[in-house]
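First the structure, in the form of structure tokens, and then the observations on it.
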Amino acid sequence: MTEQAGKFYEELQLMGLEPNVFTYNALIRGYSVSGNSNDAYAIYKQMMVGGCSPNRGTFAQLPNQS
1 MTEQAGKFYE ELQLMGLEPN VFTYNALIRG YSVSGNSNDA YAIYKQMMVG GCSPNRGTFA
61 QLPNQS
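Heads up, the sequence shown is in UniProt numbering, so the first residue is 1 and it goes up one at a time.
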């Protein structure tokens, strides 16, 4: 799952497409439920750097930091 998500994100970038908040949320959720907290937060950081504003769903998908 997470490997496919990473490939999907890379393909979007190669096509010159910018992910929207829903795309980012789906990626964050995928990494979160797979136990890849670091990857989920990396996508969140890319979201912020890319100028995409998070919504409530974004914060609901982020794993809790211990």
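Glycine residues also receive a C-beta, built at the ideal position from the N, C-alpha and C atoms.
CA-CA distance, L62 and L14?
Numbered from its first residue, the sequence shown carries residue 62 at position 62. Numbered from its first residue, the sequence shown carries residue 14 at position 14. So the two alpha carbons sit approximately 26 angstroms from each other.
Subject >> Beta carbon of V21 nearer than 8 angstroms to that of T58 >> reply: Residue mapping note: residue 21 aligns to position 21 of the sequence shown, counting from 1. Residue mapping note: residue 58 aligns to position 58 of the sequence shown, counting from 1. For V21 and T58, yes; Cβs fall inside 8 angstroms.
Item to check | Straight-line gap, N36 to G16 (C-alpha atoms, nearest Å) | outcome: As a position in the sequence shown, residue 36 is number 36, starting the count at 1. As a position in the sequence shown, residue 16 is number 16, starting the count at 1. One C-alpha to the other measures close to 26 angstroms.
Item to complete: Just mark G50 as buried or exposed, buried being the case when its beta carbon has 16 or more other beta carbons within 10 Å.
Response: Here residue 50 corresponds to residue number 50 of the sequence shown, with the count starting at 1. Exposed: under 16 other Cβ atoms inside 10 Å.
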